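To start, the structure under review is shown below, and the notes come after it.
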Amino acid sequence: MEPLKYDAIVAGAGAAGIFAARELALGGAKVLLLEMGPSLEHRLCPRRETRKECFRCDPCRLLYGWGGAGAFSDGKLSLSSGVGGFLPEILPEGVTEELLSRVDSVYLSYGAPEKVYGGDPEESRKFSELALSAGLTLVHNPLRHMGTDKSREVLALMERDIKKIATVRFNLPCEEVLVEKGAVRGVRAGKETFKADTVILAGGRSGAGWMKAVAEKLKIPLKPNPVDIGVRVECPYEVAAPMTTGLYEAKLRYLAPTFRDEVRTFCMNPGGEVVHEVYEDCLTVNGHSYAGANGGLTNFALLVTTRFTEPFDDPLSYGKFIARLANLLSGGILVQRYADLVSGKRSNPERIKKARFSPTLEDATPGDLSFALPHRHLVDIIEMMTALDRVCPGLCGEDTFLYGAEVKLYSSRIALDENLETPVKGLYCAGDGAGVSRGLMQASASGMLAARAILKTKGVKN
C-alpha cells in the first residue's frame, strides 16, 4: 500500500505540537499529528486515582498523551518574553512578544481566565524591594493561572476542534525521520510510513532524549542546555503567602555566595499538592494546583542551574543519575524536614510527625537528601532557603518539607534558524524538546512560529 501523503506531519501533541498543528490546519494544510500517548480522556494516572504507589506506566500518563506534560501541570501562562524559554535569543526584537500575544488570545478563546497575576507595577515594586533586601532578584512575570482542572478543560476543547481539521493518531510514536538528499521525506511510526515534505518535531521535555538522538543521527549540531537539579519545598500556606498572594508565583533568582551558582524558585502552587513524574526509568517530583485551590500547604521548586563545559556534554544523563540515586535510596521519592537536613539528621516517620502538617505526597519515603544531592547543590539550596526566610519568615521552620529529587531535563539546543528549521530542508523542531522553550507559552509560540514558516513556503499568508 502506498504511504499516506500529507502537507505536514507534527510529532508530539504537547503545547508546541498542538499549536503547530492548529496553525497549519487553519492555513489549509493537510496535517497529521502523531502522539505516542493516549487522548486526553484516556490519560488516567493510576496513582492519582487510587492515591497509592506509582505504577510506573509506560509511557507515563502524566507526561505523554494529548497536552503533554502541560495537561497535568498547574497551567501557568507566563506573558513575559523573559520567562519560559529562549525565543528572544533566536528571533528579531518584538517577534516573540507578538507571538506570545497571539498565543494568549488563543488560550483566552478556549476559556483561560482573564485575570492576570503580577500585573500591578506598584505591588511588584514593593515585593521586589523586599526581595532585594534579602539578596534575591524578582523576575517580572505577569501570568494567567488556569489550574490543573481548567487546563484540562481548555485542552479538551482544543482536541475536539483540531480533530475536525487534522488527522490525529494516538499511541503511535514517531520512530524515524525519513530524509533523502538533505531534505525530509516523511516519518516512520510503528509499522506505518507517512510522507510529507515538512515535519515538525515537538517531543516536549520528556522527549528530549529522543529528539537529541534524531539530531545526532541526522548530524544536526547540538548545544548543551543547562540542567536544573534541586528539591520541591512544601510549607504552610501562610508562610509562603508573601510570595503568592499578589504575584501568585514569585520568580526569584539568587546567586548563592559559596559556589556562585544561580538558584531559582520555580512552579509555585499555593494550596496545591506534590506529585510524581516518571522520566523513562527515573521517578522525579513536581507540584500541581487547581483553580481556587485552598489546601493548607504551598509547594514550589528550588532549582540549582548548572552549565557544564568541556569535556562533559551530557547534562541529561547527569540529571537522570541524580534522580536514580534518590530513587535507589528511597524506592521512589525522598522527603525530609528542612530542620532535620540542616541539623544533619535523617528524617524518619517519627520526625515527620513532629510537623503540624503531613506531606501531601503520601508515599514519599522519609530519608536524608544529603545522600542523594551533591554537596554543592545542598549548600546552594540551604543558602537560598536562608535568604527566602527573610522574605517569608518561618520557611526554615519545623513545618517545612523538602522532596527530592526535582530534576528539569532540558533538551540540548538543536541548531535552528529563526524559523526553527534545521539544516535538513523541511525539518523543523519546536518546544521544550528542541531546547528553545521551557514553559507552556513559549512552547506554544514556537509551534505557531514553525507552522507559520511552513505555510509561507507553501504560499499561504498569515
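FYI, the numbering for the sequence shown is 23 to 484, going by the working numbering.
From the three backbone atoms N, C-alpha and C, an ideal C-beta is built for every residue, glycine too.
Quick caveat: nothing in here was measured; it's all calculated off a predicted structure.
* Classify residue 415 as buried or exposed, calling it buried when 16 or more other Cβ atoms lie within 10 Å of its own Cβ. => Counted from its first residue, the sequence shown places residue 415 at position 393. Label assigned to residue 415: exposed.
* Those runs of the alpha helix (DSSP H) which lie wholly inside the region 95 to 180 and span at least 4 residues -> Correct list: 109 to 112, 117 to 131, 143 to 155.
* Secondary structure at residue 349, three-state DSSP: helix, strand or coil? -> Position 327 of the sequence shown, counted from the first residue, corresponds to residue 349. In the three-state reduction of the DSSP assignment, residue 349 falls in the helix class, which pools H, G and I.
* **Segment contact flag, the region 410 to 424 with the region 357 to 368, C-beta cutoff 8 Å, min 3 pairs** => yes
* Asked: Is residue 335 buried or exposed, if buried means 16 or more other CB atoms sit within 10 Å of its CB?
  -> Counting from one through the sequence shown, the residue named residue 335 turns up at place 313. Under this definition residue 335 is an exposed residue.
* Asked: Quick one: is residue 399 buried, meaning 16 or more other Cβ sit within 10 Å of its Cβ, or exposed?
  -> Working through the sequence shown from its first residue, we reach residue 399 at position 377. So residue 399 ends up on the buried side.
* **Through-space distance from residue 55 to residue 86, alpha-carbon basis** => In the sequence shown, residue 86 corresponds to position 64, counting from 1. In the sequence shown, residue 55 corresponds to position 33, counting from 1. In this model, residue 86 and residue 55 are separated by some 14 Å (Cα to Cα).
* To do: If I'm right that residue 159 touches residue 274 with Cβ under 8 Å, what's the distance once you round it to whole angstroms?
  => Sequence index remark: in the sequence shown, residue 159 carries index 137 (1-based). Sequence index remark: in the sequence shown, residue 274 carries index 252 (1-based). That belief holds up - the Cβ atoms of residue 159 and residue 274 are roughly 7 Å apart, short of 8 Å.
* According to DSSP, residues forming a beta bridge with residue 205 -> In the sequence shown, counting from the first residue as 1, residue 205 sits at position 183. DSSP, once it has assigned bridges, lists 202, 447 as partnering residue 205.
* Asked: Assuming residue 293 contacts residue 309 under a Cβ cut-off of 8 Å, what Cβ separation, rounded to an integer in Å, is found between them?
  -> Here residue 293 refers to the residue found at position 271 of the sequence shown. Here residue 309 refers to the residue found at position 287 of the sequence shown. Actually they are not in contact, since the Cβ atoms of residue 293 and residue 309 sit about 11 Å apart, beyond 8 Å.
* Asked: Do residue 434 and residue 230 come within 9 Å of each other at the CB atom, strictly closer than that value?
  -> Translated into positions along the sequence shown, residue 230 becomes position 208. Translated into positions along the sequence shown, residue 434 becomes position 412. Taking the C-beta atoms as reference points, residue 434 is found nearer than 9 Å to residue 230.
* Unbroken alpha helix (DSSP H) runs of length 4 or more, entirely within the region 244 to 272: which are they? -> Listed in chain order, the complete alpha helix (DSSP H) runs (minimum 4 residues) inside the region 244 to 272 are 259 to 266.
* **Residues sharing a beta bridge with residue 496, DSSP** => This structure gives no information on residue 496, because the portion of the chain shown stretches from 23 to 484.
* **Continuous beta strand (DSSP E) assignments of at least 3 residues falling wholly in the region 296 to 351** => You should have 304 to 310, 319 to 328.
* So which of 196, 44, 187, 216 has the shortest CA-CA distance to residue 27? -> Locating residue 27 in the sequence shown gives position 5, where the first residue counts as 1. Selected option, being the one with the closest Cα: 216.
* **Backbone secondary structure at residue 77 - three-state DSSP** => Indexing the sequence shown from 1 puts residue 77 at position 55. Note: residue 77 maps to coil in three-state DSSP.
* State yes or no: is the C-beta of residue 374 within less than 9 Å of the C-beta of residue 305? => Start at 1 with the first residue of the sequence shown, and residue 374 comes out as number 352. Start at 1 with the first residue of the sequence shown, and residue 305 comes out as number 283. Not in contact: residue 374 and residue 305 (Cβ atoms no closer than 9 Å).
* Exposure of residue 250, with buried meaning 16 or more beta-carbon neighbours within 10 Å -> On the sequence shown, position 228 is the one that residue 250 refers to. So residue 250 counts as buried.
* **Closest Cα partner of residue 228 within the set 44, 445, 80** => Walking along the sequence shown from the start, residue 228 turns up at place 206. Scanning 44, 445, 80 for the CA closest to the CA of residue 228 turns up 80.
* Asked: DSSP on residue 282, reduced to helix/strand/coil?
  -> For this step, residue 282 is matched to residue 260 along the sequence shown. Residue 282 falls in the coil class under three-state DSSP.
* To do: Could you tell me which of 319, 320, 341 sits nearest to residue 328, measuring between CA atoms?
  => Locating residue 328 in the sequence shown gives position 306, counting from the first residue. Among 319, 320, 341, the Cα nearest to that of residue 328 is on 341.
* Have a look at residue 460 and residue 233 and give me their C-alpha separation to the nearest angstrom. => Within the sequence shown, residue 460 is the residue found at index 438, counting from 1. Within the sequence shown, residue 233 is the residue found at index 211, counting from 1. C-alpha separation (whole angstroms): 15 Å.
* Asked: Taking just the CA atoms, how far does residue 82 sit from residue 226?
  -> Here residue 226 refers to the residue found at position 204 when the sequence shown is read from its first residue. Here residue 82 refers to the residue found at position 60 when the sequence shown is read from its first residue. Those two C-alpha atoms are separated by around 13 Å.
* Asked: In terms of alpha-carbon separation, which member of 100, 132, 406 lies closest to residue 285?
  -> Mapped onto the sequence shown, residue 285 falls at position 263. Residue 406 is the option with its Cα nearest to residue 285.
* To do: Confirm, please, whether the CB-CB distance from residue 36 to residue 235 is below 9 Å.
  => Sequence index remark: in the sequence shown, residue 235 carries index 213 (1-based). Sequence index remark: in the sequence shown, residue 36 carries index 14 (1-based). Cβ distance not < 9 Å, so residue 235 and residue 36 don't count as in contact.
* residue 152 to residue 106 span [Cα, whole Å] -> Along the sequence shown, one-based indexing puts residue 152 at 130. Along the sequence shown, one-based indexing puts residue 106 at 84. About 24 Å.
* To do: Output the distance between the C-alpha atoms of residue 390 and residue 303, rounded to the nearest integer angstrom.
  => Taking the sequence shown and counting its residues from 1, the one referred to as residue 390 is at position 368. Taking the sequence shown and counting its residues from 1, the one referred to as residue 303 is at position 281. Between the alpha carbons of residue 390 and residue 303 lies a gap of roughly 22 Å.
* To do: May I have the straight-line CA-CA distance separating residue 240 from residue 44, to the nearest angstrom?
  => Working through the sequence shown from its first residue, we reach residue 240 at position 218. Working through the sequence shown from its first residue, we reach residue 44 at position 22. Approximately 27 Å between the Cα atoms of the pair.
* Near residue 455, what residues of its chain come up, given a Cβ to Cβ distance below 6 Å and the 5 sequence neighbours on each side ignored? -> On the sequence shown, residue 455 is found 433 positions in, with the first residue counted as 1. Around residue 455: 225, 226, 229, 230, 233, 433.
* Asked: So, helix, strand or coil for residue 423, using DSSP?
  -> Reading the sequence shown from its first residue, position 401 is the one you call residue 423. Looking at residue 423 - three-state DSSP - the assignment turns out to be strand.
* Asked: By how many angstroms is the C-alpha of residue 321 removed from the C-alpha of residue 66?
  -> Numbered from its first residue, the sequence shown carries residue 66 at position 44. Numbered from its first residue, the sequence shown carries residue 321 at position 299. One C-alpha to the other measures close to 23 Å.
* To do: May I ask which residues mark the beginning and end of the alpha helix (DSSP H) holding residue 395?
  => On the sequence shown, residue 395 is found 373 positions in, with the first residue counted as 1. Per DSSP, residue 395 belongs to no alpha helix (DSSP H) and is neither H nor E.
* Asked: Under a three-way DSSP split, which group does residue 292 fall into?
  -> For the purposes of this step, residue 292 is taken as residue 270 along the sequence shown, with counting starting at 1. Note: residue 292 maps to strand in three-state DSSP.
* **Local conformation of residue 382 per DSSP, three classes** => Counting from one through the sequence shown, the residue named residue 382 turns up at place 360. Correct three-state label for residue 382: coil.
* Beta-carbon proximity list for residue 347, same chain, < 7 Å, skipping 5 on both sides -> In the sequence shown, counting from the first residue as 1, residue 347 sits at position 325. 394.
* Asked: Given residue 129, which residues of its chain have a CB within under 7 Å of its CB, disregarding the five upstream and five downstream residues?
  -> Taking the first residue of the sequence shown as 1, we reach residue 129 at position 107. Excluding sequence neighbours, residue 129 sits near 99, 176.
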